[in-house]
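K.L.:
Heads up: the sequence lines are chains H and B, in that order.
Residue numbers in the first sequence follow the numbering used here, run continuously in steps of one, and reach 718 at the last position.
Residue numbers in the second sequence follow the numbering used here, run continuously in steps of one, and reach 348 at the last position.
Just so you know, even glycine gets a beta-carbon here, dropped at the ideal spot from N, CA and C.
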Amino acid sequence: MHFYSILERKRVRNMMVKYELKRIFTKRMNRLLLAVAVLIGVVMSVFAVTSEWYVDSDGVNHETPDAIRRLTQDKKQWKGELTGDVIAQIVADRQKIARDYPDDVPDTVYGERIQAYSDITQMVDSILGGDEGYAPDALLGITTDQAKDIYSIREQYIEQLIQKYGDTPEKQEFLRTQYEKTDTPFYYEPADSWDNMRLYATTYGIILVVLIGFLAAGIFSDEFSLRADAVFFSCRYSRTRAVRSKVLTGLLMATVIYWVGMALLSGISFAVMGVSGFNTPYQVDSPYCIYNMTFGQLYLIILVCGYIASLLSASVAMLVSAKTHSANIAVCIPFILFCVSPFIGRAMPFGTFFQLTPDQLLNILNCARDPYIYQIGSMVFRQIPFVMLFYTLVAAVFLPVIYQCYRRYGLKRR
Amino acid sequence: MELKIKGLTKDFKDFRAVDHVSCSMGQGVYGLLGVNGAGKTTLMRMICTLLKPTEGSVTWNGKDIFKMDASYRKVLGYLPQDFGFYPDFTVQDYMMYISSIKGLRPMTAKKRTETLLDQVGLRKMKKRKMRNLSGGMQRRVGIAQAMLNDPQILILDEPTAGLDPNERIRFRNLISELAEDRLVLLSTHIVSDVEFIANDILLMKDGKFFMNGTAEEIVSSMDQAVWSCTVPRKEADRYLSKYLVSNVKTVPGGAELRILAKRSPAEGAVMEEATLEDAFLLYFGEKAGEEHDGEV
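Written out as structure tokens, the structure reads:
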């Protein structure tokens, strides 16, 4: 009997959620926006797959969708551990080319030799740049022995970075531990598709998060804007299960739209570009990164952070609309949080505060590069795990508040 | 089956919309009659748990409706005056959505939707979007949704507002059909809506009940008679300012007036049978003159 009752409850709840979702997706404006979002996803995929170029051994430049696969194939000759000897060999070859062609390197030489190890020369230049970052052509000024010792040079710079960013012993210890986790020599496999997709996933994530905020804003305000509140709140479960179903609908809608959107973008792009380099450490691109992760893992973190931002956007929009009964205000808040706040952050003096604002969830691309660490008592933590955990909790905490806010409607005595 | 209202009061900041209202209702149709702004909608919203009273209580079979919460709303059906809906939903989707909030199981909801749409004559329209229905059809969907849970208490706030005469007659008949075995509280400012179907009529003014009874009892409570007389057209304005005039009809040679007055207002005036509409005018009508019963 009890089992039967639970089953019936589930059926009723599913029906509520089904019609709540239907309400969202039958609105013309919402359908139009979703169609636009899908179209943007497809267009961005096309941009992603055509944004790389490949120069063949005849010096001919190719910008066709298969360019990235040909480029990856070419770079794969250097796949494996980037030992001191490998790096010295590449540096020597690059220095020879510079000597042979002091003014301008011919396209044939670029296509035949430089292109294949361009990621590695870029890594060496970045190591040599230290905290200043990428130092173009810095490798032209080092000796073979220095090239062989490139990881020692990196360690020296790391020590400087620890002193610079670790203003307490705890922070220094923390940074040292993080850097020690990264294995050297680095393993290399061309990761152009992952590298490329970081930017597109970030940009598309912003679009989806704003869209989700827009759609979620109507869930709790439609009753008021359409004057359907009286019928709604006079129904049996209007202040209990129906509110929970609305919250569930918002989360479900955010989840489905975000992951379907990202699956569309990633699916099209990786199907064309391939997935080579998933296990390449991110340090190949950013040698002083304090996050011990691969290109593939970074991409997944970008997606997960985007998802957290989507949930936050949905819950903020639902909370504001439940409180104000206005979709217009509710739409503005996620937009301000995720799109306007970065610009305010750049103009304002409170740098540390703006490193932890919700927009950072959609800025993982840059967060991964900077060694931002924080300390509370003896606990030291990094920016990305903090924003992930904190905003997941914030989104979760908002849910019961939305529930209470909406179910109390009309119950003030005055 | 007893809905009891005791000392019910609702204040909105400095304005008192409902002022210590008390009554008891059982099975049957109750007409809540009053001019716009009398407090009818506020009272109904409190009965539907949409507003919490500032003072007083509403009980259903002895239990406070706000404490009963969902179990009270289980037996409640409500059609608000301003019936809002989801315009992009089809009629069927709308009914199914409301069914879900009312806690009906999907199969039951489907059957009830079919039955009720049949009853309100909208079965063929079930696939039509709500936005594409006429005003009358929308109100019919409104009453159908209120009936979804087969409520013991049916609250209808101005259900005939904006309907054409045919729709209003149809609506009245429908309400009469639905009134069996339940309590129907019907608010209106259109006298004919309640005259024929309400067992009991509650007159509301300035947030208070000031009279209740059957249509006959309310008519017989009038302290003035109804007179019919024909006066020259140029005199009509004077009568209008002096008396409560429930009807003016232009006839050859003058204007035929229906006047409420204690004594004959004019020579040759004929006493008529009073109706509920006359009582409504007497109790709610605005009068320009200072005296009710002056002589011309």
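#1: Look up Glu324(B) in the DSSP assignment and say whether it is helix, strand or coil.
#2: Could you check which residue in Leu703(H), Lys627(H), Met577(H) has the C-alpha nearest to that of Glu356(H)?
#3: Using only alpha-carbon positions, find the residue among Glu219(B), Thr167(B), Tyr124(B) that is nearest to Gln190(B).
#4: Is the beta carbon of Leu254(B) less than 9 Å from the beta carbon of Gly129(B)?
#5: Quick one: any contact between the stretch 155-172 of chain B and the stretch 342-359 of chain H, if contact means 3 or more CB pairs under 8 Å?
#6: When Cβ atoms are compared, which residues of the stretch 80-104 of chain B fall closer than 8 Å to chain H?
#7: Using the beta-carbon of each residue, which ones in chain B are nearer than 8 Å to Glu312(H)?
#8: Under 9 Å between beta-carbons, which chain H residues line up against Arg125(B)? List them in chain order, please.
#9: Distance, Cα to Cα, Lys339(B) vs Ala331(B)?
#10: Counting only beta-carbon separations shorter than 9 Å, does Phe118(B) have a partner in chain H?
#11: Might you give, ordered along the chain, the residues of its own chain that have their beta carbon closer than 8 Å to the beta carbon of Lys286(B), omitting 5 neighbours on each side?
#12: Considering Arg310(B), what are the terminal residues of the beta strand (DSSP E) in which it resides?
#13: Can you list the alpha helix (DSSP H) stretches of 4 or more residues lying completely in the stretch 98-153 of chain B, in chain order?
#14: Would Met148(B) pass as an interface residue toward chain H - the criterion being a Cβ-Cβ separation below 9 Å?
#15: Report the neighbours of Thr330(H) on chain B: residues whose CB is nearer than 7 Å to its CB, in chain order.
#16: Can you say whether Tyr405(H) is buried or exposed, counting buried as having 16 or more other CB atoms within 10 angstroms of its CB?
#17: DSSP on Ser298(B), reduced to helix/strand/coil?
#18: I need the DSSP call for Cys539(H), collapsed to helix, strand or coil.
#19: Relative to the C-alpha of Pro662(H), which residue among Ile680(H), Ile668(H), Leu641(H), Leu715(H) is closest?
#20: Cβ closer than 9 Å: which chain B residues qualify as neighbours of Arg531(H)?
#21: Would you mind reading off the limits of the beta strand (DSSP E) that contains Ala69(B)?
#22: Counting only Cβ-Cβ distances shorter than 9 Å, please list the residues of the stretch 337-367 of chain H near chain B, keeping chain order.
#23: Mind listing, in chain order, the continuous alpha helix (DSSP H) runs of no fewer than 4 residues lying wholly within the stretch 168-223 of chain B?
#24: Let me check understanding here. Comparing Cα to Cα, which of Phe351(H), Arg335(H), Ser422(H) lies closest to Val588(H)?
#25: Just reading off the beta strand (DSSP E) that Lys257(B) is part of, what are its end residues?
#26: Checking 9 Å against the spacing of the C-beta atoms, do Arg97(B) and Ala532(H) come in under that value?
#27: The alpha helix (DSSP H) with Val236(B) in it runs from where to where?
#28: How would you call Ala631(H), buried or exposed, if buried means at least 16 neighbouring beta carbons within 10 angstroms?
#29: In terms of residues, what are the limits of the alpha helix (DSSP H) holding Ile454(H)?
#30: Could you run through the stretch 461-478 of chain H and flag, in chain order, every residue whose CB is less than 8 Å away from some CB of chain B?
#31: Can you give, in chain order, each stretch of the beta strand (DSSP E) that sits fully within the stretch 641-696 of chain H and has at least 3 residues?
#32: Around the Cβ of Ala231(B), are there at least 16 other Cβ atoms within 10 angstroms (buried) or fewer (exposed)?
#33: Out of Arg374(H), Asp429(H), Thr387(H), Arg373(H), which has the shortest C-alpha to C-alpha gap to Gln399(H)?
P.N.:
Here's the rundown:
#1: strand
#2: Met577(H)
#3: Glu219(B)
#4: no
#5: no
#6: Arg97, Cys100, Thr101, Leu102, Leu103, Lys104
#7: Arg157
#8: Phe537, Ser538, Cys539, Arg540, Tyr541, Ser542, Arg543
#9: With a pLDDT of 41 at Lys339(B), under the threshold of 50, the predicted position of this residue should be treated as unreliable, and no value is reported.
#10: yes
#11: none
#12: 306-313
#13: 117-120, 122-125, 143-153
#14: yes
#15: Asp140, Phe141
#16: exposed
#17: strand
#18: coil
#19: Leu641(H)
#20: Pro132, Asp134, Phe135, Gly136, Phe137
#21: 67-77
#22: none
#23: 187-199
#24: Ser422(H)
#25: 252-257
#26: no
#27: Premise fails: Val236(B) lies in the beta strand (DSSP E), 235-240, not in any alpha helix (DSSP H).
#28: buried
#29: 454-469
#30: none
#31: 677-680, 683-686
#32: buried
#33: Asp429(H)
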